[in-house]
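Read the structure below first, then the notes.
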Amino acid sequence: MKDASPQTIYLKDYKPFGYVVDDVHLTFKLVPNSTRVVSKITFSPNPDATDRQFRLHGEQLKLISAKINGSDVSPVMLDDGLMVDAPNETFVWEAEVEIAPEANTALEGLYMSNGMYCTQCEAEGFRKITYYPDRPDVMSVFTVRIESDLPVLLSNGNPVAQGEGWAEWHDPWPKPAYLFALVAGDLVNHPDRFVTQSGKDVELNIWVRPGDENKCAFGMEALKASMRWDEEVYGREYDLDIFNIVAVDDFNMGAMENKGLNIFNSSCVLASPETSTDANFERIEAIIAHEYFHNWTGNRITCRDWFQLCLKEGLTVYRDSQFTSDMRSAPVKRISDVIELRGRQFPEDQGPLSHPVRPESFQEINNFYTATVYEKGAEVIGMLKLLVGDDAYAKALDMYFDRHDGQACTIEDWLKVFEDATGRDLSQFKRWYSQSGTPRLAVSEKFEDGTYTLTFKQHTPPTPGQDVKEPQVLPIAVGLLAQDGTEVTPTTVLEMTEAEQSFEFSGLDAKPIPSILRGFSAPVVLERTTSREENLFLLEHDTDPFNRWEASRTLAREGLIAMITDGVGSDTLWLNALKTAVADSTLDPAYRALLLSLPTQSELAQTLFEQGVTPDPMAIWTATDTLREDMAKSWADILPALVEETKVIETFKPDAEQSGKRALAASVLAMQTRLDGGAVAKAQFETADNMTLQLSALTCLIQADAAEDALKSFYDQWKDDRLVMDKWFGLQVAAAKPADAAKRAKTLTEHFDFDWKNPNRFRAVFGGLAMNHAGFHNADGSGYALLADWLIKLDAKNPQTTARMCTAFQTWKRYDADRQAKMRACLTRISETKGLSRDTTEMVSRLLG
Ligand code: 0A1
Ligand code: ZN
């Protein structure tokens, strides 16, 4: 059993395992509550290890028998596994254990979902399947036999044989246990084929529950596009005869890159125009790519230990964002990524959960699948590429694949490759992996005798366990514009390494207007008081699409802050400038939709907090609402043309072009709804033939308090579609008026279809509540209390999802004393729950600091 007594594991304590695994044979006799797992594993002494203790991980297993070289042994049973005397030479370990997949609600190890057996072994789930050295640096070839009456029996690698009630699979590529997978179920497949660069014919399948087979085509196209892209851009080819994807309804995360057998949360693979929004399609394409790209960055080259998680995740997120940029629009993808980074990673890095991209200790590794490891980890790769240049990046990656194929590696190995490929010393750059917190970058400027000087000062505030920070390497992309809007200095990457550093641009006729941190070239907070005029100028003239958007975003944020703190009205100068840009039909509609998005209410709360003002969630909500109202009123005259321009008459396609139009149309509809009370939205809701249009109309109707009938008819139409019902549950809470959000969430938890043990459904309601900033932070504390009640309830069934959802409280120290006291009380109440899981215990204790 996992127990709640916290035990901290440190990076510095890494030691290799005493044995290597030569091969693994597993036989599964599948029975819902008494599955037998028979293992036969060959171990040999590890020449790189000194400690020859033979200790295997194992949790929630009933040991039936254990043998070494054919003779029974009696291991010492431990809390987290077993230990036994083992020979100092090659030997065969055999064990039989019994497990209960049907009773497994934690969704880790082998579990059941709608009658289907499936596995989730990352990070440490394999130890719930059998006794094994469940650590990523122990890699082996696996042969698996599955015995079950279910018609489809899958595991990793290639199929070797099958008969009535059994199947055998062999994976020739050595892998760590976290990449093991097994699926057994009554499934149907969407098949296809892919011929690799070198002419290898690969069978592809997406396996789903009967009835879902019409929702696989898009995912299959995304898979083939990913396979082609990885060949063309990274020179990486697929390496098995078959690639299977399985959709599962009950899954804690998005998807999992098990070798040759990816398992997906059904929400991240199933798609159809009627049931999925454009955003769903884009996300599915990205996740399929992400999991596929892991075949090289994660599987062929894996992590030595879990502290190195960013080695595979940061790089693979970086690769999937490159893929999306290539498939769609690069500026739109960059802006969307930065919105995400600021929305999820910055709050994490600026609060009690802040940790380095490569953490140095943990209690429960599942708590470190974070925005910092993933998204900041990807930013670090992007900076590295910017610093060394595209050619050197390609050379270093080739060297990485050549040098480390088949190995379990560290960040040191990764950086060494770049050092060897470029001759650079990356020791200072490495601080990006060890220092937590978001650096703040102040800028001042000077113009004298034709020379323009930019002086930067960097500073990172203290974070838990790290009071003092050293200067980091910051690539700062800068361009200079003349007063007439022409670019006098194109984008130049300045490499800042000191705490304070100046850069000169000479030979200029007049003082230029700088465009700093183009493309968001480093994940920092830029502290620069740019005048309103200068931002308006950049909104009109910047050649860098990111900074053009950023100028508008800054004006929006500053305008909203002034509305909140000084009670002034909306910034009409900005509204007019933005109106011109939004009406400009030469600009990509998707980009214009992003120009129209306002800073989130949580982002405004953080800005106020940093300015020493205690954020009042209701005041933030009101200012945002007022601004939206003013926007609608003052733009009424351009709406008809935008409606015309964004109409899609062609057959639905979830591509960049159509989805961009629909994204802009959704913003336009929101404005129209403010003007007409919902008439156009109602008509759109009734005639929509795709989920994007249906849902954007429903959102508007909810916000206009005119959704009662629509919600009912939506329910009637979609009550049998789990994924669409998740939207129905989530939207009602996320889009509710602040005073109604917690009440609405509570009512929905009493709904017949509220299956709280399904992570997607639980997240729909409570993720929706956490997303409703003013609703969650309602002064009466009802949002906090409701979430705490449910987290306590869920923890007993599913610790992983519970712990992740505790992050809703991560910004608690921003708010007033009364709200802080209420949130602290909730966290304390959770922490005092009897039998609380290790996952949630660690999370809550970090949150409480
Ligand atoms: N490696 C997967 C994500 C993942 C991580 C942990 C899981 O269970 C604890 C499940 C999936 C990815 O990056 O997609
Ligand atoms: Zn990943």
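To convert, take the position in the sequence shown, counting from 1, and add 368; that gives our numbering.
We put the beta carbon where it would ideally sit given N, CA and C, even for glycine.
For clarity, every value in this text was computed on a predicted model and none was experimentally measured.
Checking the sheet assignment: what are the DSSP bridge partners for residue i?
{"i": "Q869", "result": "F824"}
{"i": "E855", "result": "L849"}
{"i": "S481", "result": "M484"}
{"i": "V509", "result": "D391"}
{"i": "G531", "result": "W534"}
{"i": "G449", "result": "H425 and L446"}
{"i": "F562", "result": "V570"}
{"i": "L938", "result": "The displayed chain sequence assigns Ser, not Leu, to residue 938. Answer by DSSP bridge pairing: none, since S938 is not bridged."}
{"i": "I610", "result": "E571"}
{"i": "S407", "result": "L394 and A463"}
{"i": "C1257", "result": "For residue 1257 there is no data in the structure shown, the boundaries of the chain being 369 and 1217."}
{"i": "Y378", "result": "S729"}
{"i": "R808", "result": "H827 and V893"}
Does the Cβ of residue i lie closer than 8 Å to at least one heavy atom of the ligand 0A1?
{"i": "H662", "result": "yes"}
{"i": "Q1071", "result": "no"}
{"i": "M621", "result": "yes"}
{"i": "Y479", "result": "no"}
{"i": "E427", "result": "no"}
{"i": "G1219", "result": "Absent from the structure is residue 1219, since the part of the chain shown begins at 369 and ends at 1217."}
{"i": "E600", "result": "no"}
{"i": "G493", "result": "yes"}
{"i": "Q488", "result": "yes"}
{"i": "N734", "result": "yes"}
{"i": "E1210", "result": "no"}
{"i": "E470", "result": "no"}
{"i": "I932", "result": "no"}
{"i": "E476", "result": "yes"}
{"i": "I655", "result": "yes"}
My assumption, with CB atoms under 8 Å, is that residue i sits in contact with residue j. Please give the rounded CB distance.
{"i": "P957", "j": "D646", "result": "That belief does not hold up - the Cβ atoms of P957 and D646 are roughly 12 Å apart, past 8 Å."}
{"i": "G628", "j": "D539", "result": "7 Å"}
{"i": "T911", "j": "E863", "result": "Their Cβ separation, rounded to whole angstroms, is 22 Å, which puts T911 and E863 out of contact at 8 Å."}
{"i": "S812", "j": "V846", "result": "Not a contact, Cβ separation roughly 14 Å."}
{"i": "M595", "j": "Y660", "result": "7 Å"}
{"i": "V614", "j": "W575", "result": "4 Å"}
{"i": "V570", "j": "F611", "result": "6 Å"}
{"i": "N1142", "j": "P967", "result": "Reading the sequence as shown, one finds Ala at residue 1142 and not Asn. Contact flag wrong, Cβ pair sits at about 14 Å."}
{"i": "K798", "j": "L783", "result": "6 Å"}
{"i": "D330", "j": "P1127", "result": "This structure leaves residue 330 out entirely; the chain is present only between 369 and 1217."}
{"i": "E866", "j": "S953", "result": "At roughly 46 Å, the Cβ-Cβ gap does not stay under 8 Å, so E866 and S953 are not in contact."}
CB-CB under 7 Å to residue i, same chain, minus the five flanking residues each way: which ones, in chain order?
{"i": "V892", "result": "T806, P807, R808, L809 and L842"}
{"i": "A471", "result": "N401"}
{"i": "S689", "result": "K701, D705 and A746"}
{"i": "Y1083", "result": "W1096"}
{"i": "S469", "result": "For clarity, residue 469 is Pro in the given sequence; the question names Ser instead. Closer than 7 Å at Cβ, skipping near neighbours: P400, T403, L478, Y479, M480 and Y485."}
{"i": "A639", "result": "K583, F586, G587, N648, F649 and I652"}
{"i": "G1062", "result": "Residue 1062 is actually Gln in this sequence, not Gly. F1053 and A1056, listed in sequence order."}
{"i": "Y686", "result": "A746, I749 and G750"}
For residue i, which residues from the same chain have a beta carbon less than 8 Å from its beta carbon, with the 5 sequence-adjacent residues on both sides left out?
{"i": "Q421", "result": "G386 and M451"}
{"i": "I1006", "result": "K947, V950 and A951"}
{"i": "G449", "result": "R423, L424, H425, G426, E427, R495 and Y499"}
{"i": "E1249", "result": "Residue 1249 lies beyond the stretch modelled for the chain, which goes from 369 to 1217, so this question has no answer here."}
{"i": "D371", "result": "Caution applies to D371, whose pLDDT of 47 falls short of 50 and renders its modelled position unreliable; the value that the coordinates give is listed next. Excluding residues within five positions, the ones whose Cβ falls inside 8 Å are D447 and R1206."}
{"i": "N667", "result": "W541, K543, L547, E625 and K627"}
Return the chain-ordered list of same chain residues with a C-beta closer than 6 Å to the C-beta of residue i, the five sequence neighbours on each side being excluded.
{"i": "A463", "result": "S407, A434 and Y499"}
{"i": "M369", "result": "Note that M369 scores 42 on pLDDT, short of 50, meaning its location in the model is unreliable and no value can be drawn from it."}
{"i": "E681", "result": "V741, Y742 and G745"}
{"i": "A1031", "result": "A958 and A961"}
{"i": "L721", "result": "Q1178 and R1214"}
{"i": "A454", "result": "F422"}
{"i": "L755", "result": "P843"}
{"i": "S1027", "result": "D646"}
{"i": "T898", "result": "none"}
What I want to know is whether the C-beta of residue i ends up closer than 8 Å to one or more non-hydrogen atoms of the ligand ZN.
{"i": "T684", "result": "yes"}
{"i": "E681", "result": "yes"}
{"i": "E659", "result": "yes"}
{"i": "Y742", "result": "yes"}
{"i": "G666", "result": "yes"}
{"i": "E625", "result": "yes"}
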